[in-house]
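Remarks on the structure that follows.
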Amino acid sequence: MVESKIYIGLNDLSTNTQLFENEKYIRVLRNVCYSYKVPFSFQVQEGGYIYESGEYARETSLVLTLIDVDKTVVKDIAKDLCAFFHQESVLVTESHLQAHFVRETLECGGEETL
861 MVESKIYIGL NDLSTNTQLF ENEKYIRVLR NVCYSYKVPF SFQVQEGGYI
911 YESGEYARET SLVLTLIDVD KTVVKDIAKD LCAFFHQESV LVTESHLQAH
961 FVRETLECGG EETL
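Residue numbers (the numbering used here): 861 to 974.
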């Protein structure tokens, strides 16, 4: 199984500042994933980035995690997010992992759970 991560900074390429609130970027990210019909999760995190010009920036980033999604689809999603978020580039990482699902239920004798 392959885990792909796409790191997308939220600072605009032209202004080197974040133009919108995090929630607006999150809505775009969700809609892109929904349109590709892929299983996904994401995190919001703080970090730093060095532009090709050598300038250092602190910025908020979204990290999109895709598990067992075809490599060409991951690349297409990365391209879309790079363009939609007006980025110099986005970082894509790929890790091979072993994963399994755990399933369990509680027998409550007719009582509601949670």
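The C-beta atom is built at its ideal place from N, Cα and C for all residues, glycine as well.
(message) Would Asn882 and Val904 qualify as a contact pair, given that the criterion is a beta-carbon distance under 7 Å?
(response) Yes. Within cutoff.
(request) Confirm, please, whether the CB-CB distance from Lys865 to Val923 is below 7 Å. (result) Judged by their CB atoms, Val923 and Lys865 are nearer to each other than the 7 Å cut-off.
(message) I'd like to check one pair, Tyr867 with Ser901: are the Cβ atoms closer than 7 Å?
(response) Cβ atoms of Ser901 and Tyr867: not closer than 7 Å.
(request) Would you check if the stretch 910–920 and the stretch 874–889 touch, i.e. whether three or more CB-CB distances between them fall below 8 Å? (result) Between the stretch 874–889 and the stretch 910–920 there are three or more inter-stretch CB-CB distances shorter than 8 Å, so the stretches are counted as touching.
(request) Give the DSSP bridge partners of Gln878, in chain order. (result) Under DSSP, Gln878 takes part in a beta bridge, and its partners are Asn871.
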